[in-house]
Ligand code: AP5
């Protein structure tokens, strides 16, 4: 039986949402939709939305809800989303969560939890492929060849928003604007906490176990 699932991944910057979203998307064969990736792509193409979004992202602030909701309303209406989807980094505010409800229902919100130390180690060592967006880490997930993506041979780079001051700002913004969503989704009965400590393979197993429990 095909089990359709609309999944939200919630958690502070750097905890490993993108890494788990990639693994889960491959396993469930549903799209991973990352608002950060969409806006970085728009910024690279220098579109009006991309230029506007970049100014907020470079400062570690959230892009205005209006822009993000407009992007997501369109994206969620695309055909591939009919089989379910994984949202990575959206919603990030109560306004976005309420906006999302007008477009799609959510079956489960996986809330990733780890220590501040682990989050900082992960976020500061992250490397990303310029071309395919594959995520690596200078210590925990090294590419086979230094600076080169295993999948597409693209060049790996450190994102602008990994600078120390910007990371601090992103964590503050998470505390103020995104953390309230934990309570919001808990009250709706769709929240599941996932222990995000340890190796990414172990976290993936916990994610699958959580989703399996929902099917029963
Ligand atoms: P976005 O791109 O969404 O970034 P983020 O949520 O801040 O999260 P990150 O991508 O930094 O971390 P992650 O949790 O995905 O972890 P990852 O898997 O990469 O957003 C960027 C910006 O865009 C925002 O600041 C905002 O300006 C804007 N934006 C985006 N969405 C928005 C929205 N909805 N509304 C408004 N503005 C929005 O892992 C991190 C590192 O750790 C990697 O190197 C990885 O290899 C490593 N790692 C992962 N798991 C493990 C593990 N278990 N053990 C060891 N290392 C691990």
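Numbering (this note's numbering), first residue to last: 15 to 230. We put the beta carbon where it would ideally sit given N, CA and C, even for glycine. This one's a predicted model, so the numbers in the text were calculated from it and none came from an experiment.
Helix, strand or coil for residue 36, going by three-state DSSP, please let me know. helix
For residue 157, verify whether its CB is less than 8 angstroms away from any heavy atom of ligand 1. Residue 157 Cβ: outside cutoff for every heavy atom of ligand 1.
Span separating the alpha-carbon of residue 101 from that of residue 49: 8 angstroms
Excluding the 5 residues preceding and the 5 following residue 209 in the sequence, name in chain order all residues of the same chain whose CB lies nearer than 7 angstroms to its CB. 127, 220
If distances are taken between C-alpha atoms only, which option among 218, 120, 71 comes closest to residue 90? 120
For residue 224, which three-state DSSP category applies? Looking at residue 224 - three-state DSSP - the assignment turns out to be helix.
Take residue 54 as the anchor and find which of 45, 70, 44 has the nearest alpha-carbon. Restricting attention to 45, 70, 44, the CA atom closest to the CA of residue 54 is found in 70.
Contact between the segment 104 to 119 and the segment 142 to 151: three or more CB pairs below 8 angstroms? no
Starting from residue 122, trace the beta strand (DSSP E) both ways and give me its first and last residue. That run of the beta strand (DSSP E) goes 122 to 127.
Presumed contact (8 angstroms Cβ cut-off) between residue 174 and residue 72, rounded CB distance: 5 angstroms
CB residue 214 to CB residue 37, shorter than 9 angstroms? yes
For residue 194, which residues from the same chain have a beta carbon less than 7 angstroms from its beta carbon, with the 5 sequence-adjacent residues on both sides left out? 108
Taking 9 angstroms as the threshold (C-beta atoms), are residue 56 and residue 67 in contact? yes
Buried or exposed for residue 179, please, with buried defined as at least 16 other CB atoms from any protein chain shown within 10 angstroms of its CB. exposed
Return yes when the Cβ of residue 86 is within less than 9 angstroms of the Cβ of residue 61, no when it is not. For residue 61 and residue 86, no; Cβs fall outside 9 angstroms.
Exposure label - residue 163; buried when at least 16 CB within 10 Å: Only buried fits residue 163, as 16 or more other CB atoms lie within 10 angstroms of its CB.
Quick one: Cα of residue 167 to Cα of residue 142, how far? The alpha-carbon separation between residue 167 and residue 142 amounts to approximately 12 angstroms.
Got a sec? Which residues, its chain only, sit under 7 angstroms from residue 153 by beta carbon, not counting five neighbours each side? 139
Compare the Cα-Cα distances from residue 76 to each of 186, 226, 205 and report the closest residue. 186
Taking just the CA atoms, how far does residue 97 sit from residue 232? Missing from the structure shown is residue 232; the chain here goes from 15 to 230 and no further.
Return yes when at least one heavy atom of ligand 1 lies under 8 angstroms from the C-beta of residue 217, else no. At least one heavy atom of ligand 1 is nearer than 8 angstroms to the Cβ of residue 217, so yes.
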